[in-house]
Structures are given as structure tokens and as C-alpha cells.
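Input: a single structure, listed below in C-alpha cells.
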Amino acid sequence: MAEDCCQKKSSELEKLNQQQSQVLWAVLAVNAGMFVVELLSGIRSASLSLTGDSLDMLGDAIAYGSSLYVINKGKKSLARSALLKGMIMFLSAVAVLARATYQAFLNTTPEFQVMSIVGAMALCANGFCLLLLTRHRNDNINMSSVWLCSRNDIIANLSVLLAAGLVFVTGSSWPDLAIGLLLTVVFAQSAGKVLFRSWQELQA
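Just add 151 to the spot in the sequence shown (first one is 1) and you have our numbering.
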């Protein structure tokens, strides 16, 4: 009886890991593709918010790859993966801040048309990713941290669209810079939460 119970739990765990793996491969592909699109579009349109969002996409793609690597491993490995995600989020915040400082000196008005189109594409892509990940957000620290990454993407995409609208209305680059700096704060706060929780797991 006990043996049957153990076999059933083992089978359920294997099935769950397979489901998580399929979801992570899907969101990794979406984020890697959108990183390229947003980075090139951000540079072409001189948009800080698009460039910042592209770095977030890259960070997420790396994080999803890390999550795939530890999907069948123990709690310590999951916590280390989450720690890596937190560090990536923090580095993204630093990169956006550096880009903001650079563009403030250039004072170039970004192309709001490109920002709007690419921002809408990214929002649809990340909405799809968030939908896939929501089902697994409470499975473990690994999946909850990648869900948080995806949620941040939605916030970033909405911020890009807001920045595009304000650039159109004002004809100035400052809304884009302001939104870009706001993303820096969001990335830093999320990084702090993930780093704190993963550190607790490692110390347990």
C-alpha cells in the first residue's frame, strides 16, 4: 500500500516536472525572440524604455534557462537558481540606469510609433507567458520567481506604451526617461524580494 502511494506521488511529480518544462521552454523562446526585436527597435527609435524592456526580456530568457536546468533538482539548487534570477534583475536595473544617464545627455526624442507597435507586441507576448506560468506559480520557489519575472514584464510593457503616448503628446524625451527610471525601481524591488527569499532558502 505504501509502495503504491510512493509510486503514485513519484508519477505525479514527474508529470508536474514535465508540465513545468514544457511551459518554461515556451516562455524562453518567446522572451529570447522579443529580446532581439525590442533591443533593435529600442536602439533604432532611441527609446530608453524599449531598451530597458529588452534587457528584462534577456534576463528572463536566461532565468528560464536556469529554471529548466534545476527543474529536477533539490531545494538548494532551486534556491540558487532563484538567486541568479535576482542578480539578473538587479543588473537589469543598473543597465537601464546607465542608459538613462547616457540618453539624458543626448536629449534625443524617441520615435513613438516604433515604441507603440513594439510595446504592444511585447505586451501580447508576455501576456501569453504570464497565462502559461500562472498555473504553476505556487509549485515551488523556482516557478514563483519566474512568474514574478513575467509579471514584471507586463508592468514594463504597459510602461513602454504609456511612455510612447506621453512622448507623442509632449514631443519630448523626458517621459521616456522617466518611465525608464521607473522600470529601474521596479526591477530593483523585485530583485530584492527574490534575493531575500532565495537567501533564506539557502540558509534553511
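Glycine included, each C-beta is placed from N, C-alpha and C at the ideal position.
Just reading off the alpha helix (DSSP H) that S324 is part of, what are its end residues? No alpha helix (DSSP H) holds S324; DSSP gives it neither H nor E.
Spatially closest choice to V178 from S192, P261 and L281, by CA coordinates: L281
Since L346 and G237 should fall inside the 8 Å C-beta cutoff, what is the C-beta to C-beta distance between them, to a whole number of angstroms? 4 Å
Quick check on DSSP: helix, strand or coil for T260? coil
Please report the distance separating the alpha-carbon of I213 from that of T260. 31 Å
Quick one: is W176 buried, meaning 16 or more other Cβ sit within 10 Å of its Cβ, or exposed? exposed
Counting Cβ pairs, one atom from each stretch, are 3 or more of them under 8 Å apart for the segment 187 to 204 and the segment 284 to 301? no
Secondary structure at V174, three-state DSSP: helix, strand or coil? helix
For C300 and S324, I'd like the C-alpha separation in whole angstroms. 27 Å
Could you tell me the distance, in whole angstroms, from the CA atom of L332 to the CA atom of F338? 10 Å
Quick one: measure Cβ to Cβ for V318 and M266, integer angstroms, because I've assumed they're closer than 8 Å. 7 Å
Look at the Cβ atom of L229, then the Cβ atom of V221, and state whether they are nearer than 9 Å. yes
For a test of the three-state rule: what should DSSP assign to R288, helix, strand or coil? coil
How would you label Q340, buried or exposed, when you count the other beta carbons within 10 angstroms and need 16 or more for buried? exposed
Spatial neighbours of D327 in its chain, beta-carbon cut-off 7 Å, leaving aside the 5 residues before and after: S198, L199, S200, P261, A314 and V318
Return the residue from the list R286, V311 and K226 that minimises the CA-CA distance to C275. V311
Classify V245 as helix, strand or coil using the three-state DSSP reduction. helix
Nearest-angstrom Cα distance between C157 and R288? Confidence at C157 is low in this model, with a pLDDT of 38, below 50, so its placement is unreliable and the value that follows should be read with caution. Between C157 and R288, the C-alpha separation is close to 25 Å.
Separation of L334 from A251, as counted between CA atoms: 11 Å
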